[in-house]
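What follows is a set of notes on a single structure, which appears directly below.
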Amino acid sequence: MPSDTKTLKRRFMPLARTPLHPQWLVLRGRTRTLHWIRQHTSGTVLDIGCGDARIRDAISDDTDYIGLDYPPTMALGYQGRPDSGRRRQAALFPHEHGHGPFA
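As structure tokens, this is what we get:
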């Protein structure tokens, strides 16, 4: 990740719970949203634009998780982590990497 991106992320972090943060609307209800997801998901969950795949840890173990994201977005510093087996994560457009569902 470019150092200027790391610097921006570090500087915005204290603002994460305020309207001054670029993703405030997403971040402000995170705990409530993750609780709702845990109660209402089953079967297979497709998380488009998963970033750091935070909802993966909120869903039950009997739910299949597929996280999709765009590699350049992931390069901006999200800590996405690949999985195998029932819970997995894939890149949406992995043509640059030569693997994944749309390669």
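Numbering-wise, our numbering comes out as the position in the sequence shown, counting from 1, plus 1151. C-beta: ideal position from N, C-alpha, C; glycine also.
Distances from the alpha-carbon of residue 1208 to those of 1188, 1199 and 1219 put 1188 closest.
For residue 1166, the secondary structure class from DSSP, reduced to helix, strand or coil, is helix.
The alpha carbon of residue 1185 has as its nearest neighbour, out of 1161, 1195, 1155 and 1206, the alpha carbon of 1206. Less than 8 Å separates the beta-carbon of residue 1210 from that of residue 1192. Around the Cβ of residue 1218, a 10 Å sphere holds 16 or more other Cβ atoms; the residue is buried. Counting along the chain, residue 1183 sits inside the alpha helix (DSSP H) bounded by residues 1181-1191. For residue 1159 and residue 1166, the gap between their C-alpha atoms comes out near 11 Å.
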